[in-house]
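The block underneath contains the structure these notes are about, expressed in structure tokens.
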Amino acid sequence: MMIDTGSTCNLLSFKEYNELPNKPTLHPTGNSVNGYGGNPLKIIGKFKTLIESKHAYADAVIYVSDNEKADNLLG
39 MMIDTGSTCN LLSFKEYNEL PNKPTLHPTG NSVNGYGGNP LKIIGKFKTL IESKHAYADA
99 VIYVSDNEKA DNLLG
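Numbering (the numbering used here), first residue to last: 39 to 113.
Written as structure tokens, this is what we have:
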């Protein structure tokens, strides 16, 4: 997982999503997501989760891309 402070969303590849234990339910999204350079990414759904770091917790929406080679990003 890469941290990208220029990213406007959190992104997870479908491959990584499938490896999650107790996969969260994917919900449809009306948002479009563009990758670096403006190329559109196909998003198959989103889910809400709690992200934990050493000293903080944050609610987050994670968008799941159908591109198995997509970088996983925390925006």
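Don't be surprised by glycine CBs; every beta carbon is placed ideally from N, CA and C.
Everything numeric in this text was worked out from a predicted model, so none of it was measured.
Collapsed DSSP secondary structure at residue i in the structure displayed
i      : result
Glu54  : helix
Gly75  : helix
Thr87  : strand
Met39  : Confidence at Met39 is low in this model, with a pLDDT of 48, below 50, so the placement of that residue is unreliable and no value is reported for it.
Leu49  : strand
Ser103 : strand
Rounded C-alpha distance that separates residue i from residue j
i     : j      : result
Gly75 : Leu49  : 16 Å
Thr67 : Pro59  : 22 Å
Gly73 : Asn105 : 11 Å
Leu79 : Tyr55  : 16 Å
Ser91 : Glu57  : 21 Å
Sequence-distant residues of its chain with Cβ nearer than 7 Å to residue i (five each side left out)
i      : result
Ile100 : Asn48, Leu50, Lys84, Phe85 and Thr87
Sequence-distant residues of its chain with Cβ nearer than 8 Å to residue i (five each side left out)
i     : result
Ile81 : Thr67, Asn69, Ser70, Val71, Tyr101, Val102, Ser103 and Asp104
Cβ neighbours of residue i in the same chain (closer than 6 Å, five flanking residues each side left out)
i     : result
Ile89 : Ala96 and Ala98
May I ask you to verify whether the stretch 63 to 71 touches the stretch 87 to 95, counting CB pairs closer than 8 Å and requiring at least 3?
Judged by Cβ distances under 8 Å, the stretch 63 to 71 makes no contact with the stretch 87 to 95, as fewer than three pairs qualify.
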